[in-house]
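In what follows, a single structure is set out as structure tokens and then discussed.
Residue numbers (this note's numbering): 1 to 237.
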């Protein structure tokens, strides 16, 4: 059975991606940084769907930890770079350490995992990588400069990696997610969320499952690479 590796798989979009691939017939490896209880629940749900589950506690910005994780994953066919962190604050109140931490996880983690996956794919004859970016990586968001910049970097990395790796049968695509009902967006008040939704043509937040469906589509579409698929309810067209 083919294996998918999902970073940040203990909750939200990552968990939904794990379940979508489990239902599609993949064994599921995933990593998490802190949420052990969430990881256990992801394992339970994946196994209930009839797939194997292989959890790893791994900070994707740690080069050694990423290397150890990939050395323990076999039959890898798909990598989903989903792990990410956010920071809300004005530019003048954002420390350089906070800026670097966002880049080390959101962009650096994707680089480290892509590099490790590419080595496996080159030996096995190909594979697929899907990165999870954000609409803010395309348009920018006030008070989220570091987050927006890191997600923009991920889009640029997707396009460059797609061109470089395509001759080896490795496809690299990206999902640009809009306002999705996840814990990351729970920090906003109900009033703020209503304000965001009022500007979305679909007039609602998206669900993690809708993002997961897009990820699975890109992972299995043999002639798509370098694409940025927007899942945002029409917020950016």
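All C-beta atoms, glycine included, are put in the ideal place defined by N, C-alpha and C.
When secondary structure is reduced to three states using DSSP, residue 183 falls in the helix class. Shown here, residue 193 sits in a helix according to DSSP, grouped into three states. DSSP places residue 133 in no alpha helix (DSSP H) but in the uninterrupted beta strand (DSSP E) bounded by 127–134. Residue 207 sits in coil when the DSSP states are folded into three classes, being neither helix nor strand. For residue 224 against residue 24, the beta-carbon gap comes to about 17 angstroms, at or over 8 angstroms, which does not count as contact. Scanning 116, 91, 141 for the CA closest to the CA of residue 7 turns up 116. In this structure, the alpha-carbon of residue 38 lies about 18 angstroms from that of residue 207.
Looking at the backbone, the Cα of residue 210 and that of residue 13 are separated by about 9 angstroms. Close CB contacts of residue 61 within its chain, under the 7 angstroms cut and outside five residues either way in sequence, are with 104, 105, 108, 109 (chain order). When secondary structure is reduced to three states using DSSP, residue 167 falls in the helix class. In this structure, the straight-line span from the alpha carbon of residue 26 to that of residue 95 is close to 41 angstroms.
Cα atoms of residue 33 and residue 111: separation of roughly 17 angstroms, rounded to the nearest angstrom.
In the three-state reduction of the DSSP assignment, residue 106 falls in the helix class.
Counting other Cβ atoms within 10 Å of its Cβ, residue 218 reaches 16 or more and is therefore classed as buried. Secondary-structure assignment with DSSP links residue 81 through a beta bridge to 131. When the five nearest sequence neighbours on each side are left out, the beta carbons in the same chain lying within less than 6 angstroms of the beta carbon of residue 84 are those of 106, in order along the chain. The DSSP-derived three-state label of residue 30 is strand. Excluding the 5 residues flanking it on each side, residue 159 has same chain C-beta neighbours closer than 6 angstroms at 226, in chain order.
In the structure shown, the three-state DSSP call for residue 222 is coil.
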